[in-house]
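Enquirer:
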């Protein structure tokens, strides 16, 4: 892969990279369609990265379907599908990690303490292997996007990071490979995340700027479903991801909720459009 | 710098990089001469990196002489001398670090707990800026060389790391920018490091394989000088840098000694030649 990328670069090709953990859905495919537009060579990686899963999380159970993934990636124009093995990525005696500090402390960083170290490390590795001019990430994983942007800037990595709007089901549910875990009765409860964001948008648009008021309304809606266990509902500065009391600068409301088995996340940047019915 | 390096790569030039903290001596110049031989474009960086100095260490006092350094680097054939400012390298809100675990725990890692995190981080940054095909490091900083090799392998960085033999004064003292701190009476005491290595070599060559016996003999010699405070004298596996009891695999004896003000280091890989009178 590295040799192919170096050849492509020397031939003047612009490489665009979409890293994924596979089990592709329309959200991933939209990232690839965007990638197809902004570069000459589209590289998609499929790698369920063990170092970003904590003990007791769903690394073993994370859904996988490589054959289908490869077909879907090709259909939307991927030139190369890169799918390393765990042993290739983390051989015996592996011992190097990339840690981004400030922006990983809040939100998912609180309940998943090693998650972003794993994400930053595997992205650093993949960027060095694939050597892209640009990489495309989804805004659904908002903290991941902020973390990667921070790493790229801090470590002087020579690539552009593109953030793409969250792709949603027609009813508003954010697409996620983990939605496959939802049982019948839980699908409705899962909608409370996107509907909660809609409530937040409504309050904001009607002039509310007090974070606590918006958070309270969203929590009330989400916890009206018995299946739901809220991990967090927070309003943060979009750059630092620190909690804020008053919405004055660009801010994001971010949610993490366990809906039955899966832990789902969603978010909304105040003032932006929101494709939720 | 990054744009220049990208142009050089696209033009098919092989970039060789020698990162330094400046105050150049013959040891640095030998790295550059080697770099000159193995590439088309020789880039030398001069940057006293604050993140690899702990509290109470000599960051502020570290010797600097940029004008002389630039002249010396040019004389031995550097095409580009890169000297970023601290604010450019670590702007406000900087928060990303590269940590290499296993190989940084022993030796200097014990008395300088954040040192190798700083070294790995700044090298990752410089490699991303300079985009070299190869980088040249001295074996005098043996643990640094092992750490950088480990980081490059673990993070899939696409460059070769060349390790160069330590350059010594005619009497055997390893060249170091910190030798400038040695006062008159301490110069002789500082020689006890290289002479200690000579003692270790003699014992090894006469068949001694017990690490404790060799260490004891070296410590006795070094501590025969009143000015000397031993930080460590250890014998380690050259790959893992873990202590060993018996010299069976490739092993290194590594020393760190405070000689008056400066803390000096030196090392010897058993079985290799040693240019000490």
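Protein chains in written order, with this note's numbering: chain C, 154 to 430; chain A, 154 to 430. Quick reminder that beta carbons are idealized off the backbone N, C-alpha and C, glycines included.
Which residues in the same chain have their Cβ closer than 6 Å to the Cβ of residue 170/A, if we skip the five residues on either side of it in sequence?
Expert: If we look at residue 170/A and ignore the five residues flanking it on each side, its Cβ neighbours are 196, 283, 285 and 288.
Enquirer: Quick one: grab the DSSP three-state call for residue 286/A.
Expert: The answer is coil: DSSP assigns residue 286/A none of H, G, I, E or B.
Enquirer: In angstroms with no decimal places, state the Cα-to-Cα distance between residue 318/C and residue 411/A.
Expert: Spanning the two alpha carbons is a distance of roughly 57 Å.
Enquirer: Does DSSP put residue 341/C in a helix, a strand or coil?
Expert: Looking at residue 341/C - three-state DSSP - the assignment turns out to be helix.
Enquirer: List the endpoints of the continuous beta strand (DSSP E) containing residue 225/C.
Expert: Note, residue 225/C: premise wrong, no beta strand (DSSP E); alpha helix (DSSP H) at 219-228.
Enquirer: Taking the alpha helix (DSSP H) that residue 306/A falls in, what are its first and last residues?
Expert: Its alpha helix (DSSP H) spans residues 295-307.
Enquirer: Compute the distance between the beta-carbons of residue 321/A and residue 429/A, then report whether it is under 8 Å.
Expert: In contact: residue 321/A and residue 429/A (Cβ atoms closer than 8 Å).
Enquirer: Could you check the C-alpha separation between residue 419/A and residue 405/C for me, to the nearest Å?
Expert: Answer to the nearest angstrom: the Cα atoms are 53 Å apart.
Enquirer: Can you give me, in chain order, the residues of the stretch 302-335 of chain C that have a beta carbon less than 7 Å from any beta carbon in chain A?
Expert: Of all residues in the stretch 302-335 of chain C, 303, 304, 307, 308, 309, 310 and 311 have a Cβ within less than 7 Å of some Cβ in chain A.
Enquirer: Please report how far the alpha carbon of residue 340/C lies from the alpha carbon of residue 407/C, in whole angstroms.
Expert: Going by the C-alpha atoms only, they are around 20 Å apart.
Enquirer: How far does the alpha helix (DSSP H) with residue 262/A in it reach, from first residue to last?
Expert: Run containing residue 262/A: 261-264, per the alpha helix (DSSP H) assignment.
Enquirer: Do residue 260/C and residue 222/C come within 8 Å of each other at the CB atom, strictly closer than that value?
Expert: Not a contact, by the Cβ cut-off of 8 Å.
Enquirer: Just checking: is the beta-carbon of residue 281/C within a distance shorter than 8 Å of some beta-carbon in chain A?
Expert: Cβ-Cβ to chain A under 8 Å: yes for residue 281/C.
Enquirer: Quick one: Cα of residue 303/C to Cα of residue 313/A, how far?
Expert: Cα-Cα distance, rounded: 27 Å.
Enquirer: What's the C-alpha gap between residue 371/C and residue 380/C?
Expert: Computed Cα separation, rounded: 16 Å.
Enquirer: Assuming residue 325/A contacts residue 347/A under a Cβ cut-off of 8 Å, what Cβ separation, rounded to an integer in Å, is found between them?
Expert: Their Cβ separation, rounded to whole angstroms, is 4 Å, which keeps residue 325/A and residue 347/A in contact under 8 Å.
Enquirer: Could you tell me the alpha carbon to alpha carbon distance between residue 330/C and residue 214/C, rounded to whole angstroms?
Expert: Roughly 12 Å separates the two Cα atoms.
Enquirer: Would residue 249/A pass as a contact of residue 272/C if the rule is Cβ separation under 8 Å?
Expert: Contact flag unset, no.
Enquirer: Identify whether residue 419/A lies in helix, strand or coil by the three-state DSSP scheme.
Expert: Here residue 419/A sits in strand by DSSP.
Enquirer: Along chain A, in chain order, which residues have C-beta atoms closer than 8 Å to that of residue 255/C?
Expert: Those are 246 and 248, listed as they occur along chain A.
Enquirer: Could you check which residue in 310/A, 307/A, 398/A and 293/A has the C-alpha nearest to that of residue 422/A?
Expert: Comparing Cα positions, the closest option is 293/A.
Enquirer: For residue 399/C versus residue 363/C, is the C-beta distance shorter than 8 Å?
Expert: Yes. Within cutoff.
Enquirer: Going by DSSP, name the residue or residues bridged to residue 387/C.
Expert: In the DSSP output, where bridge partners are listed per residue, residue 387/C has 407/C.
Enquirer: Using a beta-carbon distance below 8 Å, is residue 403/A in contact with chain C?
Expert: Not closer than 8 Å to any Cβ of chain C, the Cβ of residue 403/A fails to qualify, so no.
Enquirer: Can you tell me where the beta strand (DSSP E) holding residue 317/A begins and where it ends?
Expert: Where residue 317/A is concerned, the enclosing beta strand (DSSP E) stretches over 313-317.
Enquirer: Could you give the distance in angstroms between the alpha-carbon of residue 256/C and the alpha-carbon of residue 203/C?
Expert: Looking at the two C-alpha atoms, the distance is approximately 21 Å.
Enquirer: Who are the neighbours of residue 238/A on chain C, taking C-beta pairs under 9 Å?
Expert: Within chain C, no residue comes near residue 238/A; the closest Cβ sits about 14 Å away, beyond 9 Å.
Enquirer: With which residues is residue 180/C paired in a DSSP beta bridge?
Expert: Residue 180/C pairs with nothing; no bridge assigned.
Enquirer: Identify the contact partners of residue 380/C in chain A, using a Cβ-Cβ distance below 8 Å as the criterion.
Expert: Near residue 380/C there are no residues of chain A at all, since even the closest Cβ is about 37 Å away, more than 8 Å.
Enquirer: At the 8 Å Cβ level, is residue 155/A part of the contact set with chain C, yes or no?
Expert: Closer than 8 Å to some Cβ of chain C, the Cβ of residue 155/A qualifies, so yes.
Enquirer: Does residue 391/C come within less than 8 Å of chain A when only Cβ atoms are used?
Expert: Closer than 8 Å: no.
Enquirer: Between residue 293/C and chain A, is any beta-carbon pair separated by less than 8 Å?
Expert: Closer than 8 Å: no.
Enquirer: Looking only at its chain, what residues have a beta carbon closer than 6 Å to the beta carbon of residue 172/A, apart from the 5 residues adjacent to it on each side?
Expert: Taken in chain order, the residues that qualify are 198 and 279.
Enquirer: By the criterion of Cβ-Cβ separation under 9 Å, what are the contact partners of residue 204/A in chain C?
Expert: Near residue 204/A there are no residues of chain C at all, since even the closest Cβ is about 11 Å away, more than 9 Å.
Enquirer: Please state whether DSSP places residue 200/A in a helix, a strand or coil.
Expert: DSSP places residue 200/A in coil when its eight states are reduced to three.
Enquirer: Given that a residue counts as buried once 16 or more other Cβ atoms are within 10 Å of its Cβ, and exposed if not, what is residue 305/A?
Expert: Residue 305/A comes out buried.
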